Structure formats: structure tokens, C-alpha cells
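S.K.:
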Amino acid sequence: MAIEHFFSLHTGYIDFTGYLRYLDSIQARMPVHVYEFASDPAHHDLNARTSLHDAWLHSLTIGETAEGSRQQIRQTEIRLCLLGPYHDRHIHLHYTGVEAYAFQSPAQHDAPRYSHTAHGDLLAHAIWVNPAGMLVHDMVFERGSTLRVECADIRHAQEPLQ
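Each residue of the sequence shown is one higher than the one before, starting from 7 at the first, in the numbering used here.
Dropping the structure here:
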């Protein structure tokens, strides 16, 4: 399963029906809280304040947690903070047990608008399970930037801004 199954970069058309059917088919392979986040229409709705659609990247932090007498037992974690689509909240995603990640942002030398919009709006995101049983969260931004995180767990929280 990939994000292209419900989002076409060529037409801009978004259809979540197939994605929601896919999530139902893998529900037993996902932690309950991840399924609830992934399948909640409010996190995809083009008009919802809680949607990731149209959110902006605020920060992306990659770190290592350490345990053991010499801090030798290490795991990668990623914290992503998005500014909500109505700029009234931060949307926090915390990925733990990260096995792989990729963030690519193509140069846009011929597109002056990206000199002041950075990555642009988050257009679509999808969570799926890879053959190894890891959770995969794919995101596509307006600029063409993509973020993929493969991990053991995903936690989601929203923080209203004053």
C-alpha cells in the first residue's frame, strides 16, 4: 500500500474510500490507538481543524533514546510537529522504534513561490503496515516533499494554541 493508491499527484484528486477499506483490512495488525488515529475522518477531512491536510511543517526532530549502564542500548525516535490547517493548534506525532525514515524535498529553482512557502501544505498522509509488520507513515507536501517513517509505534496529540 502506498499513498498513491488514494492520492494522484497529477490530478490532485483525493479519494479516501480505498484507504479506509485498506485500514479495515489490516486493523488487527495495528495497535488500537494507531488504527483510531489513521481511520479517523477528522484527520483527513479537508475542512476539519484537526486534519493533517493543509497543515504546515513546524519542526522535525530525530533523536536516539538510550538505556543500559553505558547508554549502549539505543533506539531512534522522531518527533514531528505540524501547525494545524487553521493555525490554531500544533499537531504532534511521535514515532518510536524507528527502523527507517526518509525525508526528501526537491529543489524548486523555477518555482518562486517556494522561496517563501518552504514545504507548503501537507496534501495527504497514509499509515499502512509493511511486510515486516512495521507501521509506515507516508506524507506528501505541496512542494513535492515526501516524508516516510517506518516504526513500531505512533502517538498523536493536538495542542491548542492561545
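C-beta: ideal position from N, C-alpha, C; glycine also. These numbers come from a predicted model, not from an experiment.
#1: How many angstroms separate the CA atom of residue 163 from the CA atom of residue 97?
#2: When the distance is taken between beta carbons, is residue 59 closer than 8 angstroms to residue 52?
#3: Give me the Cα-Cα distance between residue 49 and residue 56, rounded to the nearest whole angstrom.
#4: Rounded to the nearest angstrom, what separates residue 128 and residue 73 at their Cα positions?
#5: If you draw a straight line from the alpha carbon of residue 46 to that of residue 39, how long is it in whole angstroms?
#6: Please classify residue 139: is it buried, with 16 or more other beta-carbons within 10 angstroms of its beta-carbon, or exposed?
#7: What residues in its chain sit with their C-beta under 7 angstroms from that of residue 37, if we drop five residues either side in the sequence?
M.R.: Looking at the atomic coordinates:
#1: Rounded to whole angstroms, residue 163 to residue 97 spans 6 angstroms at the Cα level.
#2: yes
#3: 6 angstroms
#4: Straight-line Cα distance between these residues: approximately 35 angstroms.
#5: Each residue's alpha carbon lies about 11 angstroms from the other.
#6: Classification of residue 139: exposed, given that the 10 Å Cβ count is below 16.
#7: 159
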